[in-house]
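Trainee: Below: one structure in structure tokens.
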Amino acid sequence: MDSPQVVAPLDSREQPILDQLLVVRDALLLLKQDKSTYIKSQDVIPYYDRVIEQVQLLNNVRAEGVAERERNRGWRKQSLYILGNNEAPAA
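Under UniProt numbering, the first residue of the sequence shown is numbered 1, with each subsequent residue one higher.
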């Protein structure tokens with residue numbers, strides 16, 4: 001089974017989260033490949049919990065990024081407004 005290509009995160013704070021998700025993926029693949037036993041839900045639930053934890057961390061990191069982008073947009077709009085009011089009218 002081919003895994004999808006992993007895209008490098010844009011924010012450096014996302015890299016440890018990606019690393020943890022890749023560890024979980026690899027562990028689940030090993031569990032799936034073990035044909036000697038059936039996969040039981042109690043074997044998978046800890047991995048599910050780890051994925052949920054990492055997704056919450058990722059959402060927090062990205063939410064901070066959204067707030068930062070919105071602040072930057074606000075400052076740019078304010079700068080343009082000030083520049084627009086201080087220029088001489090076009091003739």
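Glycine residues also receive a C-beta, built at the ideal position from the N, C-alpha and C atoms. Quick caveat: nothing in here was measured; it's all calculated off a predicted structure.
(1) Residue range of the alpha helix (DSSP H) that Lys-32 falls in?
(2) Extract the residue ranges of the beta strand (DSSP E) inside the segment 31-87, only unbroken runs of 3 or more that lie entirely within it.
(3) Near Ala-27, which residues of its chain fall below 8 Å by C-beta distance, leaving aside the five closest residues on each side in sequence?
(4) Would you say the segment 54-66 touches the segment 11-25, given that touching needs at least three Cβ pairs under 8 Å?
(5) Note down the Cα distance separating Asp-34 from Arg-50, rounded to an integer number of angstroms.
(6) Going by the CB atoms, is the gap between Leu-31 and Asp-43 shorter than 9 Å?
(7) Can you give the Cα-Cα distance for Thr-37 and Ser-12, rounded to whole angstroms?
Mentor: So, from the data block:
(1) Along the sequence shown, one-based indexing puts residue 32 at 32. Segment 15-33, the alpha helix (DSSP H) holding Lys-32.
(2) Taken in chain order, the segment 31-87 contains no complete beta strand (DSSP E) segment of 3 residues or longer.
(3) Within the sequence shown, numbered from 1, the residue matching residue 27 stands at position 27. Once the five neighbours on either side are set aside, the close Cβ partners of Ala-27 are Tyr-47.
(4) Between the segment 54-66 and the segment 11-25, the count of Cβ pairs shorter than 8 Å is three or higher; the stretches touch.
(5) As a working mapping, residue 34 is identified with position 34 in the sequence shown. As a working mapping, residue 50 is identified with position 50 in the sequence shown. Straight-line spacing of the CA atoms in Asp-34 and Arg-50 works out to 21 Å.
(6) Here the question's residue 43 lines up with position 43 in the sequence shown. Here the question's residue 31 lines up with position 31 in the sequence shown. Closer than 9 Å, so yes.
(7) Residue numbering aside, residue 37 sits at position 37 when the sequence shown is read from its first letter. Residue numbering aside, residue 12 sits at position 12 when the sequence shown is read from its first letter. Using only the alpha carbons, I get a separation of about 39 Å.
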